[in-house]
Amino acid sequence: MKSGYVAVIGRSNAGKSTLINVLVGEKVSIVSPKPQTTRDRILGVLTKDEYQIVFVDTPGLYKAESALSKQMMRTTDVSAKSVDVILYVLDGHERVEEEDARLIARFCALEVPLIVAFTKTDIMPAEQLPERLLQLSAMGVDADIYPVSARRGRGLAALEKALVALLPEGEKCFEEDIVSDRSERFMISEIMREKILLKFDKEIPHGVAVVVHTFRLQENGVYEIGLDIVCEKSNHKAILIGKQGKAIKEVSSFARQDMEKFLGKKVFLTTYVKVKEDWRNRPGLMKEFGYDPTEE
Ligand SMILES: Nc1nc2c(ncn2[C@@H]2O[C@H](COP(=O)(O)OP(=O)(O)OP(=O)(O)O)[C@@H](O)[C@H]2O)c(=O)[nH]1
Ligand SMILES: [Mg+2]
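Take the numbering used here: the final residue in the sequence shown is number 1087, and no numbers are missing along the way.
The structure is reproduced here in C-alpha cells:
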C-alpha cells in the first residue's frame, strides 16, 4: 500500500482548500473568494484500497503584515519540510507571475518531490492553456504540471494518480473513516468564519477570530452552540452587528444551516460580537483564540 503526506501550497486564493475538499470528497477546509482564508495546517485524508493520501492544507503565501500572518507563513514553511510530496497550486485563470516561478523554485530546493496543479481551468479560455504552460517553462519551472478544475471535477484522476506514484510504500496513517484531524468544535468555528468572510469586506473578516465557548448536545437531540466573534475595532463591531442586528442575524443563520448539515442535528446558536483591540499582534490573545505562536 502507498501512503503519505502531500502539502498543498500556493499563493493565497489559488484554490488549495477547494481542491483538497473535492479530492477528499468532504468539506474539511473552508473556502472563500478572499485571500488568507485558511489560517491553520489542516489535514484532509483520502483513503482508497491501495493508497492513503493525507493532504496538508496550508495558509496561502501572502505578504505577511500582522503577527498572525507571519505565523501563518511559518506554518506553511514548516508543513512543506515534513511531507512526502509538495503539490503547488496555481490559479490558472490569472496571469502567470514570476512570483510563482520564484516560489516553486524555493520549494523545489527542499528536495521534496514537487508537482504543480494548474487549477480553475473552467474559467480560463481553453486556448490559453498551452501559452500559460509555455510561460511557466520559460520562467524555469520544470515540474510536471496538471491542469485541473476543482469546481468541475476535471483532471482530478490524473493528478491523484501522479501523487500516488510519488508516495512511499507504507501503512495507513489514519483509519479509513477519518477525513480530517480537526475536531467538530474547530469546524464549527471555521464555518462561522467562512460566513463572515463571504459577507464582509476589506479588513473586517481578516480581523475576526471565532471562539466556541459552548458546544453541547442536549437531551432533546439539539446542539447548543455559543460563539464569540472577536473583532479588532469597535467600528468593526458595529458593522458586524449591522442595523438592528440584521447583519449578524443573517450570517448566523447561514452558519447555523451549515453547522446542522455538518453535525447532522439541529443547532441552537447564540453569537456575541466582542472587541479585542489589535489581537492579531498580541501573542497572548492569538493563543487564547487558537493561534498558538509557539506551536509548529
Ligand atoms: N471557477 C473556479 N473557482 C475556483 C476553483 N477552485 C477554487 N475556486 C474559487 O477560488 C476562491 C478561492 O478558493 P480557496 O479554495 O479558498 O483558495 P485557497 O488557495 O485555499 O485560499 P487561502 O486559504 O486564502 O490561501 C473561491 O472563491 C473558490 O470558490 C475552480 O476550480 N474553479
Ligand atoms: Mg485555503
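For each residue, glycine too, the CB sits at the ideal point set by N, CA and C.
- Contact between the region 860-869 and the region 877-885 is not established, with fewer than three Cβ pairs separated by less than 8 Å.
- The distance from the Cβ of V1001 to that of I1032 is about 15 Å, inconsistent with a contact at the 8 Å cut-off.
- Between K818 and the set E918, R973, D840 and L1008, the nearest pair of CA atoms involves R973.
- Proximity of the region 1066-1081 to the region 991-1005 meets the contact definition, three or more beta-carbon pairs being nearer than 8 Å.
- Residue L950 holds the alpha-carbon nearest to the alpha-carbon of L814 among L950, A1046, N1026 and F909.
- P959 is classed as exposed because its beta carbon has fewer than 16 other beta carbons within 10 Å across all chains shown.
- For G961, the CB stays at least 7 Å from every heavy atom of ligand 1.
- For M792 and V836, the gap between their C-alpha atoms comes out near 15 Å.
- Annotation for G1012: K1056 and K1057 place their beta carbon closer than 8 Å to its own, counting only its chain and skipping 5 residues before and after.
- In the three-state reduction of the DSSP assignment, T912 falls in the helix class.
- Shown here, I877 sits in a strand according to DSSP, grouped into three states.
- F1059: member of the beta strand (DSSP E) spanning V1058 to V1066, first to last residue.
- D992 counts as exposed, since fewer than 16 other C-beta atoms from the protein chains shown sit within 10 angstroms of its C-beta.
- Contact check for I1016 against I979 passes: the beta carbons are separated by less than 8 Å.
- In the pairwise beta carbon analysis, the region 798-810 is classified as touching the region 825-834: at least three pairs are separated by under 8 Å.
- In the displayed model, F965 falls within coil according to three-state DSSP, outside both helix and strand.
- DSSP, read as helix, strand or coil, puts I821 in coil.
- When rounded, the separation of the alpha-carbon atoms in E1041 and F1059 is 15 Å.
- The residues G883, P938 and S940, in chain order, have a CB closer than 6 Å to that of T912 in the same chain once the five nearest residues on each side in sequence are set aside.
- The Cβ-Cβ distance between L894 and L954 does not fall below 8 Å.
- The C-alpha of I844 is placed about 9 Å away from the C-alpha of C964.
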